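A.B. asks:
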Amino acid sequence: METNLKRDISSTELETDNNSKKLATIDDFDDEYFQLQENKRTKRNQKNTVHSEIYLDTINRNLLDFDFEKVCSVNLQTQNIYSCLVCGKYFQGRGPKSHAYYHSLHQDHHVFINLTDLHVYVLPDDYLVEEKSLNDIKNVLNPTFTEEDIKNIEESYKNVKNFSQISFSYDLTKKSYIPGYIGLNNVKANDYINEISSASKKKFIMLKQNDPIEFLSWFLNSLHTSLVQGPKKGKTSIIHDLFRGELKIESQHIVDSTSNSAPQTTDNENTENKKLFDLTKEVQVKVSPFMFLTLDLPPPPLFLDDLDKNMIPQVDLTTLLKKYNGETEQEVEGVIKRYKITKLPKYLILNVKRFIKAFKLPVTKNPTIVNFDLTLDMSEYGGGIYDLVANASHEGKSEGNYKVQLKLGLIWIQIQDLIVEEILKEMICLTETYIQVWQLREN
Ligand SMILES: [Zn+2]
């Protein structure tokens, strides 16, 4: 009784490895107690094998889901969290006053995994279990892939001609999934999105639909930034190597647009009646890197609801790309600009500007249909042939929802939330495309 009391006073609720060392020093005051603990430990180690075999049978893989945010189900803390492998619930700590410890006593659940270091313990006895049969759980909790693994996956996808040829993987509940093509539950996958939310300083939060191009742009830049820190500081990253191209931007301020002898153009005629650069005046030239190219749609018809669906304007992707041919001129707030692609990346990201965000007005969507093929000839821009490998599309009005289509071998996979299914490649071109990723074809 007396030793128990002392133990209570000297122990903290959270017992990390560091803390256990500290505890031992405090406990040194009572040699008798310390010796008692030592004896217990030795005894436990002798019984380990027998114990683990009994307890490991109680693990219920069907109840394990590590996609939840790692939060103690009792005190909502996020540090030092264990998952009960019997019921799947999360608890903080494993020391004698911790929630995991209480859970083991009250619910008779005894196997816990530390969600950070993946060590498995039997509680309340508190001994470490090292069993290869637990590796499937550890692998789901913290999937890791070697370069070799990735190569093998890529290789196995290469010649896939139909869905059934895909080599599926299986989760803990024996449900099949395709590595690299995993749906995310809109609400439940908040572990992943919470990471994003805190990493992005709350720029991207759950339950609020965000613009995927803003997210992609932030994501690629963040990846780049974290990759160039450390030993490779200041150098380029794989992100820049793959996605970054270069533009030459020429711009000139319009001093007095009415002095031009040509009649004033209206917005609709803009594209046909070019406002030429005034070569007698200064033209500013700068070279600017890009991670994606924005494509402007022609303005939508004003009263779309009254129009027949057939009247929705259509435009070719190749027409939209002419913005970057170094000749098309556009006026933005009193400045004429010309863009010319001077370097194309291996992966070209295009963003069709569908959403119009006017100050204090609700976001509206431009429904213009963009016609495109699954291959894109960029030779006019100093590049080669590109193949579409990913397409994100938007359905519905400005709210609506996003779907993504990804190439897998010779077929296409569509992902919407948790639904992962094959889609005919002919269907890709009919989607209201929003973001496209094109891969330069190797010769
Ligand atoms: Zn439990």
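Letter by letter, the sequence shown follows residues 53 to 495 of our numbering. Virtual Cβ for every residue (Gly too), placed ideally from N, Cα, C. These numbers were taken from a predicted model, which means no experiment stands behind them.
Can you tell me whether SER431 is buried or exposed, with buried defined as 16 or more other CB within 10 angstroms of its CB?
C.D. replies: SER431 comes out exposed.
A.B. asks: If you follow the beta strand (DSSP E) that VAL192 is in, where does it begin and where does it stop?
C.D. replies: No beta strand (DSSP E) contains VAL192, which is instead part of the alpha helix (DSSP H) from 187 to 193.
A.B. asks: Cβ atoms of GLU474 and PHE220: under 7 Å apart, would you say?
C.D. replies: No, the pair does not count as a contact, with Cβ atoms beyond the cut-off.
A.B. asks: Could you please give me the residues that DSSP links to LEU492 through a beta bridge?
C.D. replies: Beta-bridge pairing links LEU492 to TYR438.
A.B. asks: Can you give, in chain order, each stretch of the alpha helix (DSSP H) that sits fully within the stretch 154 to 242 and has at least 4 residues?
C.D. replies: You should have 187 to 193 and 199 to 210.
A.B. asks: Tell me the DSSP secondary structure of GLU302 in three-state form.
C.D. replies: Correct three-state label for GLU302: strand.
A.B. asks: Among all residues, which have a Cβ less than 6 Å from at least one non-hydrogen atom of ligand 1, and in what chain order do they fall?
C.D. replies: Matched residues: CYS136, VAL138, CYS139, LYS141, HIS155, GLN159 and HIS161.
A.B. asks: Can you tell me where the alpha helix (DSSP H) with PHE143 in it begins and where it stops?
C.D. replies: That residue, PHE143, is in no alpha helix (DSSP H); its beta strand (DSSP E) goes 142 to 144.
A.B. asks: I'd like to confirm the pairing. Which residues does DSSP put opposite ASP429 in its beta bridges?
C.D. replies: Its beta-bridge partners are ILE437.
A.B. asks: What does SER450 pair with, by DSSP beta-bridge criteria?
C.D. replies: None, per the DSSP bridge assignment.
A.B. asks: Closest to SER156 by CA distance: which of LEU167, GLY140 and THR168 is it?
C.D. replies: Selected option, being the one with the closest Cα: GLY140.
A.B. asks: Would you mind sorting PHE424 into buried or exposed? The rule is 16 or more other CB atoms within 10 Å of its CB.
C.D. replies: Buried, by the Cβ-count rule.
A.B. asks: Grouping DSSP H, G and I as helix and E and B as strand, with all else coil, what is SER274?
C.D. replies: Helix, per DSSP.
A.B. asks: Please classify GLU484 as buried or exposed, where buried requires at least 16 neighbouring CB atoms within 10 angstroms.
C.D. replies: When all chains shown are included, GLU484 counts as buried.
A.B. asks: So if DSSP puts LYS459 in a beta bridge, which residue, or which two residues, is it bridged to?
C.D. replies: In DSSP, LYS459 forms a bridge with TRP464.
A.B. asks: Between the Cα of GLN131 and those of ALA152, LEU116 and GLU385, spot the shortest distance and give me the residue it belongs to.
C.D. replies: Comparing Cα-Cα distances from GLN131 to each of ALA152, LEU116 and GLU385, the minimum goes to ALA152.
A.B. asks: For LEU500, collect the residues of the same chain with a Cβ closer than 6 Å to its Cβ; drop the 5 residues on either side in sequence, then sort them by chain order.
C.D. replies: Limits of the chain in this structure are 53 at one end and 495 at the other, which puts residue 500 out of reach.
A.B. asks: Determine the burial state of PRO351: buried for a count of at least 16 other Cβ atoms within 10 Å of its Cβ, exposed for fewer.
C.D. replies: Exposed, because fewer than 16 other Cβ atoms sit within 10 Å of the Cβ of PRO351.
A.B. asks: In the DSSP assignment, find the unbroken beta strand (DSSP E) run with ILE133 in it and report its ends.
C.D. replies: Run containing ILE133: 133 to 136, per the beta strand (DSSP E) assignment.
A.B. asks: Going by beta carbon distance, what residues of the same chain come within less than 8 Å of VAL339, once the five residues before and after it are set aside?
C.D. replies: Answer for VAL339: GLU298, LEU299, LYS300, ILE301 and THR394, listed in chain order.
A.B. asks: Throw me the rounded Cβ distance for the VAL415 and VAL489 pair, which I believe falls under 8 Å.
C.D. replies: Contact flag wrong, Cβ pair sits at about 24 Å.
A.B. asks: Can you tell me which residues form a DSSP beta bridge with LYS395?
C.D. replies: Partner(s): GLU298.
A.B. asks: Report buried or exposed for LYS526, applying the criterion of at least 16 other Cβ atoms within 10 angstroms of its Cβ.
C.D. replies: This structure cannot settle anything about residue 526, because the visible part of the chain is limited to 53 through 495.
A.B. asks: Do the CB positions of VAL138 and ASN166 come within less than 7 Å of each other?
C.D. replies: Contact: no.
A.B. asks: Give the single residue among GLU381, ASN377, GLY378 and ASP348 whose Cα lies nearest to the Cα of GLN366.
C.D. replies: Among GLU381, ASN377, GLY378 and ASP348, the Cα nearest to that of GLN366 belongs to ASP348.
A.B. asks: Output the distance between the C-alpha atoms of SER289 and GLY448, rounded to the nearest integer angstrom.
C.D. replies: For SER289 and GLY448, the distance between alpha carbons rounds to 37 Å.
A.B. asks: To the nearest whole angstrom, what separates the beta carbons of TYR399 and PHE295, a pair I think is in contact under 8 Å?
C.D. replies: Confirmed, about 5 Å.
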